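Residue numbers (the UniProt record's numbering): 1 to 305.
Beta carbons: idealized from backbone N, C-alpha and C, even for Gly.
Computed from a prediction, not measured in an experiment: that's the story for all the values here.
What follows is a short report on a single structure.
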Amino acid sequence: MVKVYSAAVLLLDVLVLLVRVMAALGESLFRLIVPPQEKSVVGEVVLITGAGHGIGRELAQQFADLGATIVSWDINAKSNEETVQGLRKQGFKAYAYTCDVSSREEVLRVAEQVKKEVGDVTILVNNAGIMPCKPLANHNPNEITRMFDINVFAHFWMLEAFLPAMLQNKHGHVVALSSMAGVMGIPNLVPYCASKFAVRGMMEALREELRLDARDPRVRFTCIYPFIVDTGLCHKPRNRFPGLLPIVKPKNAARMIITAMRRDQAEASLPGSLLPLNHIMRLIPLKAGNLIKDFIDSGVEAHDS
């Protein structure tokens, strides 16, 4: 009787699971047609790393336009101050802080300054990154170490500084810029791909860890996978089909990132079709996938700087 009862309970659990999975699939299909309402960021304190130029500067402008207070971090004091002064001239609340995010000590020090002068950060955008483009054999150990210090370890130091307050307040959102190079391997970007794969894994694991947290911290996570954004990091893009894989302008990239964040999307690619396309490519044999990639022929050429 015990075995029969256990089997019946298991069968019921499986049936409930199937119903819930079908409901989740139905909800996802519905959201493809009717996207969720975008949440307000009015009054939020948004900290953006690498805000002195490119996507970071555009994010600062667009978050400010939506009513957020901007905390702008960059290692380049001059360009960072330009970002903030531009926002202040428009009447927005914005604060500039010079910080090398690869240094844990500096991140924690400047973070304390932000808390005293501005308050708790409620939206953290880890945007800063570097992308040397050349074959692995042409990299030196210092370059690889520096890349991981900025592209990976900085995320941990920023989380150490700002995530605890979000968890305590049960309010916050962390956005991390990975890359399509963190989803698929790309020649001339071997260390960069490794660093962006690490960001992707960190965000997925952290999201899952807190999803299972009984305290329900209500902190959301969004991981972004750009392909090629016209920021100057990629000097020699190769793109056989620009209509299929357009080079995204920083302004459009920022808009798509903010939209994904405001909709509480766990992940999004830029352009949006690339992530689903990669999922499909993973289902077919490796040789077939390589043939398709060779036909599309998109990527980055090696360059010295």
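Residues sharing a beta bridge with residue i, DSSP
i           : result
residue 248 : 229
residue 221 : 174
residue 259 : Paired residue(s): none; residue 259 is not in a bridge.
residue 74  : 98
residue 299 : 238
residue 267 : 223
residue 47  : 71, 124
Pair within 9 Å by beta-carbon distance, residue i and residue j
i           : j           : result
residue 231 : residue 265 : no
residue 59  : residue 126 : no
residue 114 : residue 97  : yes
residue 267 : residue 275 : yes
residue 47  : residue 162 : yes
residue 133 : residue 225 : no
residue 158 : residue 69  : no
residue 180 : residue 173 : no
residue 72  : residue 94  : yes
residue 154 : residue 190 : no
residue 52  : residue 33  : no
residue 144 : residue 299 : no
residue 44  : residue 123 : yes
residue 160 : residue 104 : yes
residue 238 : residue 294 : no
residue 92  : residue 111 : no
residue 270 : residue 227 : yes
residue 210 : residue 217 : yes
Nearest residue (CA-CA) to residue i, options the options
i           : options            : result
residue 184 : 278, 116, 73       : 278
residue 219 : 204, 171, 56       : 171
residue 272 : 282, 245, 285, 139 : 245
residue 229 : 55, 75, 19, 291    : 55
residue 175 : 20, 202, 169       : 202
residue 77  : 87, 99, 57         : 99
residue 156 : 200, 139, 182      : 200
residue 213 : 257, 251, 35, 168  : 168
Exposed unless 16 or more other CB atoms sit within 10 angstroms - verdict on residue i
i           : result
residue 83  : buried
residue 16  : exposed
residue 109 : exposed
residue 286 : exposed
residue 283 : exposed
residue 31  : exposed
residue 57  : buried
residue 182 : buried
residue 253 : buried
residue 18  : exposed
residue 12  : exposed
residue 10  : exposed
Cβ-based neighbour list, residue i, same chain, cut-off 6 Å, excluding 5 preceding and 5 following
i           : result
residue 42  : 67
residue 148 : 195
residue 39  : 262
residue 164 : none
residue 198 : 152
residue 249 : 230
residue 289 : 281
residue 177 : 127, 224
residue 204 : none
Chain-order list of residues whose beta-carbon lies under 7 Å from that of residue i (same chain, five-residue window excluded)
i           : result
residue 150 : 101, 102, 128, 129, 130
residue 255 : 62
residue 302 : 133, 134, 135, 188
residue 25  : none
residue 259 : 38
residue 81  : 96
residue 119 : 45
Any C-beta of chain B under 9 Å from that of residue i
i           : result
residue 198 : Chain labels in this structure do not include chain B; a single protein chain is all it has.
Sequence-distant residues of the same chain with beta carbon closer than 8 Å to residue i, five excluded per side
i           : result
residue 89  : none
residue 117 : 95
residue 35  : 263
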